[in-house]
Every structure is written in C-alpha cells, then in structure tokens.
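Residue numbers (this note's numbering): 426 to 578.
Structural data, given as structure tokens:
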C-alpha cells in the first residue's frame, strides 16, 4: 500500500500522543470522541487539537494508515525536522545532533530509528550516512536539504 502524505502538524500531533504512551486504539477512540481537553493535555505548543479531530473525521482511513506508520510528511522546514527528531525519537539538539545553520550534522541515531525516519521524512531532505556503527547499533548521519537554494548576489 502506498504511504499517505500527511501534513506536518497532523504527524507531530499523532507522534506526540504515541510518545505519551497512547496506543493506536486509544488514539482512535479519543479522536472519535473529539475530547479536546484530553487531547490538549498532550499539547507541547500545539494551538488546537480540533484541527486533528476534524481531519480525522474527514480522513479516517488516512489517519489509521498514519497510525500504522504508513505515512510520509509532505514538507518539513529545518525547525519542524528538529521537532520531529525530538518528539518521535526523543533526540536533543546539542546532544544528539548539531544544527549548523544549513543542515543537521553529527546526528547520532539507532539503525531502527534511522529506518523509521527514512520512512516518514519529507522528500525535501536527504539523509547522508557519515559513519556506520559508531557503536553496536548507532549510526552517524547528516541531514541536508535535497535541493539547496541558490542566492544570486
């Protein structure tokens, strides 16, 4: 089955709920009920969960597919990429990766998480393997824009 394209805000909201320990069935039940108060307790800066509830009711199969991990984020800014690394993988800037301004460098990630990142990451970013097997299961990667902007002077 082809992956569903998912807007960043929906992907991050679903990943926040998973990170808080909610399983897929519980997430579906909360979205069906539309209990914004419980959903907002997962908040972390998300202004309104009503948008996810509304999206869910209009796109149930897409949401179920996304909950199974069969999604790809349609577009990511660098800030959003850092949020994804933090929310989905518990990574911290300065500890697990370095923001050079142009790209993310020295990204230390497990092989399993690297595969999961490749599955969901928007095509506007490219993962470059820098060092395989830093330790038993950790990879060192760089994440850069697929098409770098050219500024005319």
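From the three backbone atoms N, C-alpha and C, an ideal C-beta is built for every residue, glycine too.
Report buried or exposed for residue i, applying the criterion of at least 16 other Cβ atoms within 10 angstroms of its Cβ.
i           : result
residue 454 : exposed
residue 450 : exposed
residue 561 : exposed
residue 483 : exposed
residue 554 : exposed
residue 432 : exposed
residue 548 : exposed
Reducing DSSP to helix, strand and coil, say where residue i ends up.
i           : result
residue 551 : strand
residue 561 : coil
residue 522 : strand
residue 443 : helix
residue 398 : Outside the shown range of the chain (426 to 578) lies residue 398, about which nothing can therefore be said.
residue 517 : coil
residue 527 : coil
residue 410 : Residue 410 is absent from the model: the chain starts at 426 and stops at 578.
residue 487 : helix
Identify the continuous alpha helix (DSSP H) that holds residue i and give its terminal residues.
i           : result
residue 475 : 475-483
residue 542 : 536-545
residue 428 : Residue 428 -> no alpha helix (DSSP H), and no H or E assigned at all.
residue 458 : 449-458
How close, in whole Å, do the beta carbons of residue i and residue j come, if the pair is a contact with beta carbons under 8 angstroms?
i           : j           : result
residue 532 : residue 491 : No, residue 532 and residue 491 are not in contact; Cβ-Cβ is about 24 angstroms, not under 8 angstroms.
residue 528 : residue 501 : The pair is not a contact, with the Cβ atoms about 13 angstroms apart (cut-off 8 angstroms).
residue 509 : residue 568 : At roughly 10 angstroms, the Cβ-Cβ gap does not stay under 8 angstroms, so residue 509 and residue 568 are not in contact.
residue 436 : residue 545 : 7 angstroms
residue 512 : residue 441 : 6 angstroms
residue 584 : residue 534 : This structure cannot speak to residue 584, because the chain is shown only from 426 to 578.
residue 456 : residue 488 : 7 angstroms
Quick check on the DSSP output: the beta strand (DSSP E) that includes residue i runs from which residue to which?
i           : result
residue 497 : 496-498
Return yes when at least one heavy atom of the ligand HEM lies under 8 angstroms from the C-beta of residue i, else no.
i           : result
residue 448 : With respect to the ligand HEM, the structure shown offers nothing to examine, as it has no ligands at all.
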